[in-house]
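If you're matching positions, the sequence shown starts at 178 in this note's numbering and goes up one per residue.
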Amino acid sequence: MWMSDRPLTQQALATSLADLVSVLPVENTIPFLRAYWQTMQREWTNIDVLRMEKFLLLTRRYLGATFELLRRGGWKESSIKKHVELLQEGPCNVDDVRIPNGMRFHVIDIYVDELEKVGALEEEGKNVPLESLLAPLRTLAKESPTKPVRRKAKEALDDERLPGNEKPEEDDTPKEEDGWGGIQD
C-alpha cells in the first residue's frame with residue numbers, strides 16, 4: 178500500500194500510521210514518537226524525489242497527531258514539556274548536524290498549520306500554553322547555527338495567525354492624494 182502512487186491511498190496510510198499515536202498507552206507515546214523522528218532523521222536524505230511527498234505528508238500527520246494528543250490531554254504543561262523536549266531532541270535540534278535541514282525546514286513550515294488545525298490558536302487564553310508549544314521554533318530562531326533555518330523559524334513565528342501578530346485591518350476609505358485629483362463631478 179505504501180508503494181502505491183495513488184494520492185488517496187497514500188493519504189489514508191499516512192493518516193492511519195499517525196493515528197497509532199492516539200491508541201498507544203501513554204507511557205509508550207514518547208518512545209514511539211522518538212523512534213519515528215530518529216528513523217526520519219536517518220532516512221531523510223535517502224528519500225528519492227518521487228517519494229518525498231509521501232514522507233512530507235507522513236511527517237505532517239505525525240506532528241498533527243502529537244498536537245492532537247496534547248489537546249485531548251487538556252494541554253497539560255507536563256505533557257507539553259515532554260513533547261517539546263522530544264521535538265528539540267529531534268527535528269528542532271539546533272546542535273545535531275546529522276539532522277537534515279530539509280527535515281527542519283519542513284517541520285518549521287507545517288508547525289503553525291498543525292497548531293491551528295487542533296485549535297491551539299483559537300483557544301489562546303483558554304488554558305493553551307502557546308508559548309511552551311512554540312518553544313522549539315523560538316530555539317531554532319535564536320540558536321540554530323544555520324542562518325536559513327533561523328530565518329525560516331523567525332518567519333514562522335511572525336505568522337499572522339499567531340496571537341499578537343495580526344495585521345491591522347486595512348482601511349477601505351479612499352486616501353487623499355497629493356497633487357491634482359482630477360475634476361470632481
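Beta carbons are placed, not taken as given, at the ideal position from N, Cα and C, and that holds for glycine.
No experiment lies behind these values; they were computed from the predicted model shown.
In the same chain as Gln265, and ignoring 5 residues on each side of it, the C-beta atoms closer than 7 Å to its own belong to Pro313 and Thr316, in chain order. With contacts defined by Cβ atoms closer than 8 Å, Trp214 and Gly250 do not form a contacting pair. The alpha helix (DSSP H) runs lying completely inside the segment 262-348 and spanning 4 residues or more are 278-294, 307-310, 312-320 and 324-334, given in chain order.
Contact between Val305 and Ala242 does not hold, since their C-beta atoms are separated by about 17 Å, which reaches or exceeds 8 Å. For Met217, the number of other beta carbons within 10 angstroms of its own is at least 16, and it is reported as buried. Taking each of Ser193, Asp225 and Leu298 in turn and checking the Cα distance to Arg237, the smallest one comes out for Ser193. A direct Cα-to-Cα measurement between Lys319 and Asn278 gives close to 16 Å. Taking the Cβ atoms as the reference, Val326 lies roughly 6 Å from Arg281, within the contact range of under 8 Å.
DSSP places Ile224 in the coil class of the three-state scheme, outside both helix and strand. Bounds of the alpha helix (DSSP H) holding Lys231 are Met229 to Arg249. Annotation for Leu194: the continuous alpha helix (DSSP H) segment containing it runs Pro184 to Val200. Comparing C-alpha distances from His283 to each of Met229, Gln187, Pro202 and Lys258 shows the shortest one belongs to Met229. Around the C-beta of Glu343, fewer than 16 other C-beta atoms lie within 10 Å, and the residue is accordingly described as exposed.
Cα atoms of Glu332 and Val295: separation of roughly 21 Å, rounded to the nearest angstrom. Proximity to Val274 across Ser255, Thr222, Leu201 and Ser256 peaks at Thr222, based on C-alpha coordinates.
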